[in-house]
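Quick note on numbering: the sequence shown equals residues 197 to 477 in the numbering used here. Just so it is clear, CB atoms sit at the ideal spot from N, CA and C, and this is done for glycine as well.
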Amino acid sequence: MSVTNLVRYCSLTSKLSCFTTRSLLSIQSSNCDPRRYAGHAHWQNIAKTKSANDQLKGRIIGKLSTKIVTSIRQNGNVTDPQYNAILRATLEECRKNNMPKETIDRAIKRAIAQKDNTKQTLFEFVGPGRAFCIIEMMTENPKRSFNYLNKSAAKIGIPEIAKSGQIAEYFDQRGYACIEKADITEDKATELAIEINAEEVIEALDDDGERTVWKFLGPPTFYGQMKVNLTQRGFTVTCDGSEFIPKVTVPLNDRDKALLKQIIAMLEELEQVEGVHTNAA
Numbered sequence: 197m198s199v200t201n202l203v204r205y206c207s208l209t210s211k212l213s214c215f216t217t218r219s220l221l222s223i224q225s226s227n228c229d230p231r232r233y234a235g236h237a238h239w240q241n242i243a244k245t246k247s248a249n250d251q252l253k254g255r256i257i258g259k260l261s262t263k264i265v266t267s268i269r270q271n272g273n274v275t276d277p278q279y280n281a282i283l284r285a286t287l288e289e290c291r292k293n294n295m296p297k298e299t300i301d302r303a304i305k306r307a308i309a310q311k312d313n314t315k316q317t318l319f320e321f322v323g324p325g326r327a328f329c330i331i332e333m334m335t336e337n338p339k340r341s342f343n344y345l346n347k348s349a350a351k352i353g354i355p356e357i358a359k360s361g362q363i364a365e366y367f368d369q370r371g372y373a374c375i376e377k378a379d380i381t382e383d384k385a386t387e388l389a390i391e392i393n394a395e396e397v398i399e400a401l402d403d404d405g406e407r408t409v410w411k412f413l414g415p416p417t418f419y420g421q422m423k424v425n426l427t428q429r430g431f432t433v434t435c436d437g438s439e440f441i442p443k444v445t446v447p448l449n450d451r452d453k454a455l456l457k458q459i460i461a462m463l464e465e466l467e468q469v470e471g472v473h474t475n476a477a
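Structure below.
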């Protein structure tokens, strides 16, 4: 890293405010299982579990709706899956998650509506251990989303969320699609990367962190096409999407790692948040 970038990096990290004990306690307490305080009533446990599952399903459906809109708008507003391979792959994912047909139809109509200006917007903050973090959102009103994020951040102990600027320069945004590493050798993976027009292939863990995969990398909006190309060649894609790859990584101690993990999980539960990316090692 150049001296100039190092100076800028140190300048940014110096802006971090210490996380208070009160903030830490509020985050830790948020992880308590509400079922423990249900008065040992069986019906209350069932109701709370069902409510949590419904909220999770709602977030998944919301993210899939946004993905449909993106698949259409980034491919010439083509709504016919026969002529839009990325939309076809997205609709397949919707069916696997039992997304209602009416909801799919509404998302498609929203994608071609002139009044809907939904687009990707980035926000950033400095997290525990001076780790840089980027929040990726799909929104039609960046200003309203910015205020909404800062109100939510104050509740979980984040000093301040800012609009995308200096921190984003320390990341490269790329699209990716992954297959099981056990499916092919490294040489075959390299050949396959050329066939599907990927820029690079690396060994990595999938999004769940449980399986070793071959991760094919390309432009940010190309992940859908890579998924289609891999599927057409008989491979099962374990995960795909776009991510921000850090140019500089920051080591964290165990406490900061745990705290950052909680913060990211809570932010990703917020409506319209597509993902949270960090340069923590």
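When the options are compared against residue i, the one with the closest alpha-carbon
i, options, result
"Phe440", "Lys339, Met462 and Pro416", "Pro416"
"Glu395", "Glu406, Tyr372, Val409 and Asp404", "Tyr372"
"Lys411", "Leu401, Arg306 and Asp450", "Leu401"
"Ala385", "Arg429, Asp301 and Arg451", "Arg429"
"Asn393", "Ser348, Asn425, Glu470 and Arg302", "Asn425"
"Arg269", "Arg291, Arg255, Lys297 and Asn313", "Asn313"
"Cys290", "Tyr366, Gly323, Leu448 and Gly254", "Gly254"
"Arg370", "Asn343, Gly437, Ala358 and Glu336", "Gly437"
"Asn475", "Met462, Phe367 and Val433", "Phe367"
"Asn271", "Gln458, Tyr419 and Leu388", "Tyr419"
"Lys315", "Ser267, Asp301 and Ile352", "Ser267"
"Gln362", "Val446, Gln421, Pro296 and Ile330", "Ile330"
"Met462", "Ile352, Asn294, Ile380 and Ala477", "Ile352"
"Leu448", "Ile380, Ala477 and Gln421", "Ala477"
"Ala515", "Arg284, Asn293 and Glu336", "The requested residue 515 does not occur in the structure, where the chain is confined to residues 197 to 477."
Residue i versus residue j: straight-line alpha-carbon distance, rounded
i, j, result
"Glu464", "Gly414", "24 Å"
"Asn273", "Lys443", "34 Å"
"Asp404", "His473", "15 Å"
"Thr299", "Tyr279", "21 Å"
"Ala350", "Lys263", "28 Å"
"Glu406", "Lys347", "34 Å"
"Glu365", "Glu288", "34 Å"
"Gly323", "Glu356", "10 Å"
"Gly258", "Gly471", "13 Å"
"Leu260", "Leu466", "14 Å"
"Lys359", "Thr317", "9 Å"
"Pro296", "Ile398", "36 Å"
"Ser222", "Leu456", "Interpretation of Ser222 is limited by its pLDDT of 45, a score under 50 that renders its predicted location unreliable; the figure taken from the coordinates is listed afterwards. About 14 Å."
"Ala454", "Thr445", "17 Å"
"Lys423", "Gln468", "23 Å"
"Lys339", "Ile256", "24 Å"
"Gln421", "Ile460", "28 Å"
"Thr434", "Asn343", "35 Å"
"Thr381", "Arg284", "29 Å"
Range of the contiguous alpha helix (DSSP H) that encloses residue i
i, result
"Leu466", "Neither: Leu466 is in no alpha helix (DSSP H) and is coded neither H nor E."
"Phe342", "Pro338 to Ile352"
"Met333", "Taken as a continuous stretch (DSSP letters only), Met333 belongs to no alpha helix (DSSP H), being part of the beta strand (DSSP E) at Phe328 to Thr335."
"Val424", "Tyr419 to Gln428"
Pair within 7 Å by beta-carbon distance, residue i and residue j
i, j, result
"Phe328", "Leu345", "no"
"Met333", "Ser341", "yes"
"Ile282", "Phe321", "no"
"Phe431", "Ile375", "yes"
"Asp450", "Gly325", "no"
"Ile304", "Thr286", "no"
"Lys377", "Thr427", "no"
"Arg302", "Val265", "no"
Span of the beta strand (DSSP E), counted from its first residue to its last, around residue i
i, result
"Ala373", "Phe367 to Glu376"
"Leu413", "Thr408 to Gly414"
"Thr386", "Looking at the DSSP string, Thr386 is not in any beta strand (DSSP E); the run it does join, the alpha helix (DSSP H), is Glu382 to Glu391."
"Glu395", "Careful: Glu395 lies outside any beta strand (DSSP E) and carries neither H nor E."
"Pro510", "No answer is possible for residue 510: the residues shown for the chain start at 197 and end at 477."
Chain C within 7 Å of residue i, Cβ atoms only
i, result
"Asp403", "Considering every chain present, this structure includes no chain C. It has just one protein chain."
> Whole beta strand (DSSP E) runs in the region 283–318 with 3 or more residues, listed along the chain?
Replying inline: Within the region 283–318, there are no complete beta strand (DSSP E) runs of at least 3 residues.
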